[in-house]
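Numbering (the UniProt record's numbering), first residue to last: 1 to 292.
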């Protein structure tokens, strides 16, 4: 009993110290960045940190129902009135952000080779739907601008992952585009890449940010605090290995996002573990299960 009490007190002390550090860093940002004072409700953890029912994130649009990261997949998600839709963004050879998960075109289009080696015109000439089913033949790879055009009239929020390596000017351009469409309260930006997350902390402090990670240890928690993210995203098995670190983040207002869960058993486990957001390819089935 004594050892467990000391352990709990140690976690509480560490959480209090991390909370103090986080608050101090937020004060510094407000003082030095003109955008920080307009921080979104998402960035302030209102939407990414839950009590009770988990939030549903529709993966790559609705990837079990329509070809991922196409406008058709996005519209399917919007028609279900999902709370969040998730998508991936990469930059073409001529500098245009497009919706694409893989670094190459091979899996989800009729083309081949690196995304970054092709222009927008070359990529949009490809078929991005037939691989999923003949009824989707002729689907195109959409631009971020086209995605925003179909997102804006809805009530859905978006998690936008910046895939791969981004240059500072590319990050700045994307952030300014989102600002110009008044999406600070509708879009959270996420990445696995620490340099990208660091650029977002400096360039887009008013936006919610999610640190995606393949490592889950004390160093990852400390990194999340230093980056002032609103949530950490990882596979369930990582969070399950160190549940005490999840508890350590809760007093700091940092949410947890798990991906990609498509079975009732996995949804139940995530709910029982107190996860805040569940990413799924099938938002329709998850919503039905949640309703039951």
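All C-beta atoms, glycine included, are put in the ideal place defined by N, C-alpha and C.
Given a cut-off of 8 Å, decide if residue j and residue i are closer than it, judged by their beta-carbon atoms.
i           : j           : result
residue 83  : residue 61  : no
residue 229 : residue 254 : yes
residue 196 : residue 175 : no
residue 216 : residue 242 : yes
residue 303 : residue 90  : No statement about residue 303 is possible, as the shown extent of the chain runs from 1 to 292 and does not include it.
residue 227 : residue 198 : yes
residue 256 : residue 232 : yes
residue 65  : residue 76  : yes
residue 85  : residue 158 : yes
residue 181 : residue 152 : yes
With residue i and residue j assumed to form a contact (beta carbons below 8 Å), what rounded beta-carbon distance in angstroms separates them?
i           : j           : result
residue 306 : residue 71  : The structure shown does not extend to residue 306, since the chain is modelled only from 1 through 292, so no value can be given for it.
residue 67  : residue 125 : So it is not a contact: roughly 16 Å between Cβ atoms.
residue 130 : residue 137 : 5 Å
residue 98  : residue 92  : 6 Å
residue 201 : residue 209 : 7 Å
residue 78  : residue 154 : 5 Å
residue 48  : residue 252 : Contact flag wrong, Cβ pair sits at about 12 Å.
Where DSSP assigns a beta bridge to residue i, which residues make up the other side?
i           : result
residue 218 : Answer is none; residue 218 lacks a bridge partner.
residue 87  : 160
residue 259 : 235
residue 111 : None, per the DSSP bridge assignment.
residue 48  : For residue 48, which the question treats as bridged, DSSP gives no partner whatsoever.
residue 211 : 191 and 232
residue 99  : 89
residue 196 : Beta-bridge pairing links residue 196 to no other residue.
residue 58  : 85 and 280
residue 203 : None; residue 203 has no bridge partner.
What did DSSP end up calling residue i once you bin it into helix, strand or coil?
i           : result
residue 190 : strand
residue 280 : strand
residue 72  : helix
residue 82  : coil
residue 291 : helix
residue 32  : For residue 32, the predicted model reports a pLDDT of 46, less than 50, meaning its position is unreliable and no value from the coordinates is stated.
residue 123 : helix
residue 155 : coil
residue 273 : coil
residue 4   : Model confidence at residue 4 stands at a pLDDT of 45, short of 50, so the residue's coordinates are unreliable and nothing is read from them.
residue 26  : Unreliable positioning characterises residue 26 in this predicted model, as indicated by a pLDDT of 42, which lies under 50. The coordinate reading is nonetheless provided below. Note: residue 26 maps to helix in three-state DSSP.
Identify which residue in the options has its Cα closest to the Cα of residue i.
i           : options               : result
residue 237 : 121, 144, 288 and 261 : 261
residue 156 : 186, 108 and 182      : 186
residue 123 : 95, 292 and 134       : 95
residue 50  : 292, 285, 273 and 283 : 273
residue 144 : 111, 100, 112 and 78  : 100
residue 168 : 151, 184, 153 and 194 : 194
residue 146 : 170, 178, 63 and 219  : 178
residue 80  : 276, 284 and 102      : 284
residue 219 : 87, 249, 235 and 191  : 249
residue 87  : 107, 171 and 281      : 281
residue 270 : 246, 106 and 192      : 246
residue 212 : 251, 74, 172 and 160  : 160
residue 135 : 73, 292 and 52        : 73
Any heavy atom of the ligand SAM inside 7 Å of the beta-carbon of residue i?
i           : result
residue 260 : The ligand content of the structure shown is nil, which means the ligand SAM is not present either.
Does any CB atom of chain B fall closer than 8 Å to the CB of residue i?
i          : result
residue 90 : Protein chains in the displayed structure number just one, and chain B is not present.
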